[in-house]
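Below you'll find the structure, written out as structure tokens, and then a few comments.
There are 2 protein chains.
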Amino acid sequence: MSSATQYQILYNRLKKEILADVYELGSVLPSENELSASANLSRSTVRQALSQLETEGYIVKQKGKGSIVKSKSRALNLLSFQGFSATVGNDHLQTTAIQEPELSTWPADFFFELSELEQGAGCIHFIRVRSIDEQAVMYENTYIPHLNLPKFTRLFKLKTSFFEFLGKTYDIEVVGMDQHIWASIADIEIANQLGLKVGDPVLKIYRKYHTNRPHLFLYSMLFCNTEKYAMSNSSGGVNA
Amino acid sequence: MSSATQYQILYNRLKKEILADVYELGSVLPSENELSASANLSRSTVRQALSQLETEGYIVKQKGKGSIVKSKSRALNLLSFQGFSATVGNDHLQTTAIQEPELSTWPADFFFELSELEQGAGCIHFIRVRSIDEQAVMYENTYIPHLNLPKFTRLFKLKTSFFEFLGKTYDIEVVGMDQHIWASIADIEIANQLGLKVGDPVLKIYRKYHTNRPHLFLYSMLFCNTEKYAMSNSSGGVNA
DNA sequence: GCTGCAAACTTGTACGTACAAGCTACATGA
DNA sequence: TCATGTAGCTTGTACGTACAAGTTTGCAGC
Numbered sequence: 001m002s003s004a005t006q007y008q009i010l011y012n013r014l015k016k017e018i019l020a021d022v023y024e025l026g027s028v029l030p031s032e033n034e035l036s037a038s039a040n041l042s043r044s045t046v047r048q049a050l051s052q053l054e055t056e057g058y059i060v061k062q063k064g065k066g067s068i069v070k071s072k073s074r075a076l077n078l079l080s081f082q083g084f085s086a087t088v089g090n091d092h093l094q095t096t097a098i099q100e101p102e103l104s105t106w107p108a109d110f111f112f113e114l115s116e117l118e119q120g121a122g123c124i125h126f127i128r129v130r131s132i133d134e135q136a137v138m139y140e141n142t143y144i145p146h147l148n149l150p151k152f153t154r155l156f157k158l159k160t161s162f163f164e165f166l167g168k169t170y171d172i173e174v175v176g177m178d179q180h181i182w183a184s185i186a187d188i189e190i191a192n193q194l195g196l197k198v199g200d201p202v203l204k205i206y207r208k209y210h211t212n213r214p215h216l217f218l219y220s221m222l223f224c225n226t227e228k229y230a231m232s233n234s235s236g237g238v239n240a
Numbered sequence: 241m242s243s244a245t246q247y248q249i250l251y252n253r254l255k256k257e258i259l260a261d262v263y264e265l266g267s268v269l270p271s272e273n274e275l276s277a278s279a280n281l282s283r284s285t286v287r288q289a290l291s292q293l294e295t296e297g298y299i300v301k302q303k304g305k306g307s308i309v310k311s312k313s314r315a316l317n318l319l320s321f322q323g324f325s326a327t328v329g330n331d332h333l334q335t336t337a338i339q340e341p342e343l344s345t346w347p348a349d350f351f352f353e354l355s356e357l358e359q360g361a362g363c364i365h366f367i368r369v370r371s372i373d374e375q376a377v378m379y380e381n382t383y384i385p386h387l388n389l390p391k392f393t394r395l396f397k398l399k400t401s402f403f404e405f406l407g408k409t410y411d412i413e414v415v416g417m418d419q420h421i422w423a424s425i426a427d428i429e430i431a432n433q434l435g436l437k438v439g440d441p442v443l444k445i446y447r448k449y450h451t452n453r454p455h456l457f458l459y460s461m462l463f464c465n466t467e468k469y470a471m472s473n474s475s476g477g478v479n480a
């Protein structure tokens, strides 16, 4: 938080308030002029914060009406788990460690192209299984370049939220991602981990996360059990 | 195009130029000041156009460097087909009509919740199969509320691009979407249409497209063969 | 030759103004 | 009572200024 900008501070405050139910789902946020007055910022700056909340799917803006709270889902709304129509909250989400973080070299034929900087840095690797209400839904293989992340393997405990840890410890925030998605079939390893039979359909996803650190990217290869929960995302909403 | 705004005009021009290879992949666009001067717009307005190109994944902006062309993928970069790392261009994409557009009532238990407005309007329904180089990759079931779309069933030919048709005929543009994704298994119908065996894994996707018309949404239920081509998307990139 | 610094670019942040356009609620008039 | 229109709210668009901060380039000095 050393050099957070004004609009980021407001963005973070509003996001926290939305997640903490200060504003109910479907209700309107204070108007841009009200926020501008109460936070002592110009309307332009307020609009910048709201715009980010909108592209991340937390609110919908409507001309003449206001900014309406749309979703409380976390992690950028890029692709998160949903039951019927309700996003799964953190309360029902558990994380199990399969392999603790370890420092190694990058795998050969890595699933994304790496820069020389990343190649040289070496790679931190760990594996987690995510469950919703005791049901395993995601087998996640994460790779991080070891770039200016002091004491990572000592500090990070797999049970805690990874993104939250990055934010609190290093001021790193995920701001976007590229991903590739396939329909695949569970092999023995995946079937065991996700409580499926060999041959059951699973989602295979390769992800490259973008962060607020200019050249730092995080990588994930994951398999999802979508028997009970679908993956969901929202995008766009830039135009009128 | 009756009332396109300045930034939308610039946005459309730049997007067209990117897709038409005026700017090569990896090269930098003219700077904000140059665009501002050449288009006779303020820098703020230019930034608004560039910002939209960025959130849709066409460019990446870098402080001190410029706006770098990142991708030529179409359809908002929300979720499009990719081979190894190259987006599939329109040249290799064919569309086959399975069911021509017909006006009917909405299916019972529709996969998204409908407003009263939509319920009352009735529904246009058609089915297409998309192929890349003769390989069927997508079975698409599209539903549209019949709201102020005169002569739709007469005018729309399934062979043409649906989004392009909407833009040219009604000035409707897709500006975002919500979607739910599952890994599933091909039944006989889907297997036949996609050239798969029964039991092969497929992606099942429900989509709700948002348009520039305030209360008009388009709906799609689709099945994808991801044997050769993955689905891909980019999101975010709002922050520094 | 080469190091290092400064100038000249780039985008990012923050402020401000003005008016357009959509929505709502209330008052006015038939 | 009820329709209508207007006042007052909302966000959207477009312009402008100023300075911060990252990147590149090239020149001066060693």
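Those protein sequence lines, which keep their order, are chains W and B. Just so we're aligned, residue 1 is where the first sequence starts under the working numbering, counting upward by one. Just so we're aligned, residue 241 is where the second sequence starts under the working numbering, counting upward by one. No residue lacks a Cβ here, since even glycine has one placed at the ideal position from N, Cα and C. Keep in mind the model is a prediction, meaning the values are calculated, not measured.
When DSSP builds the beta bridges, which residues end up paired with residue i?
| i | result |
| --- | --- |
| W:TYR139 | W:VAL129 and W:PHE223 |
| W:GLN99 | W:ILE127 |
| B:LEU333 | B:ILE372 |
| B:ALA423 | B:LEU443 |
| B:TYR449 | B:MET417 and B:LEU458 |
| B:ASN473 | W:GLN179 |
| B:ILE308 | B:VAL268 and B:VAL300 |
| B:ILE384 | B:ILE364 |
| W:SER104 | W:CYS123 |
Pop quiz: residue i and residue j are said to be a contact at Cβ under 8 Å. What is the actual Cβ separation, rounded to whole angstroms?
| i | j | result |
| --- | --- | --- |
| W:VAL46 | W:LEU19 | Between W:LEU19 and W:VAL46 the Cβ distance is about 19 Å, and since that is not below 8 Å, they are no contact. |
| W:TYR209 | W:PHE112 | Not quite, the Cβ-Cβ distance comes to about 10 Å (not below 8 Å), so this is no contact. |
| W:VAL129 | W:ILE98 | 6 Å |
| W:GLN48 | W:TYR7 | 4 Å |
| B:SER307 | B:VAL268 | 6 Å |
| W:GLY199 | W:GLN135 | With 8 Å as the limit, W:GLY199 and W:GLN135 do not qualify as a contact, their Cβ atoms being about 19 Å apart. |
| W:LYS197 | W:PHE223 | Not quite, the Cβ-Cβ distance comes to about 14 Å (not below 8 Å), so this is no contact. |
Nearest by alpha-carbon distance to residue i: which of the options is it?
| i | options | result |
| --- | --- | --- |
| W:ASN225 | W:TYR139, W:LEU117 and W:THR95 | W:TYR139 |
| B:LEU428 | B:VAL442, B:GLY416, B:ASP418 and B:GLN419 | Rather than Leu, the amino acid found at residue 428 of chain B in this sequence is Ile. The shortest C-alpha separation from B:ILE428 is found at B:VAL442. |
| W:TYR206 | W:GLN6, W:PHE126, W:LEU194 and W:ASN141 | W:ASN141 |
| W:THR5 | W:LEU41, W:PRO30 and W:LEU158 | W:LEU41 |
| B:LEU265 | B:PHE463, B:THR409 and B:LYS255 | B:LYS255 |
| B:THR336 | B:ALA470, B:LYS397 and B:ASN452 | B:LYS397 |
| B:PHE392 | B:ILE412, B:GLN334 and B:LEU333 | B:ILE412 |
| B:PRO390 | B:GLN433, B:THR400 and B:LEU406 | B:LEU406 |
| W:LEU216 | W:THR160, W:LEU222, W:CYS123 and W:LYS159 | W:CYS123 |
| W:ASN12 | W:MET221, W:SER51, W:LYS228 and W:ALA37 | W:SER51 |
| W:ARG213 | W:ALA191, W:VAL174 and W:LYS228 | W:VAL174 |
| B:SER472 | B:SER278, B:ASN273, B:GLU272 and B:GLU296 | B:GLU296 |
| B:TYR469 | B:VAL377, B:PRO347, B:ASP418 and B:ILE367 | B:VAL377 |
| B:ASP373 | B:SER276, B:THR400 and B:LEU333 | B:LEU333 |
| W:GLY176 | W:THR169, W:ASN33 and W:PHE163 | W:PHE163 |
| W:LYS168 | W:LEU155, W:PHE126 and W:ILE190 | W:LEU155 |
| B:HIS365 | B:GLU294, B:MET461, B:GLU467 and B:ASN273 | B:MET461 |
| B:SER271 | B:GLU257, B:GLU294, B:LYS305 and B:LEU293 | B:LYS305 |
| B:ILE430 | B:ILE367, B:ALA348, B:PRO347 and B:ASP349 | B:ILE367 |
| B:LEU293 | B:ASP418, B:ALA277 and B:GLU257 | B:GLU257 |
| B:TYR410 | B:LYS399, B:ALA348, B:ARG283 and B:THR451 | B:THR451 |
At least three beta-carbon pairs within less than 8 Å, the segment 57-67 of chain W to the segment 95-106 of chain W: no
The segment 411-427 of chain B contacting the segment 178-185 of chain W, beta-carbon criterion three pairs below 8 Å: yes
Given 8 Å, three or more beta-carbon pairs between the segment 115-125 of chain W and the segment 144-154 of chain W: With the cut-off at 8 Å, the segment 115-125 of chain W and the segment 144-154 of chain W touch.
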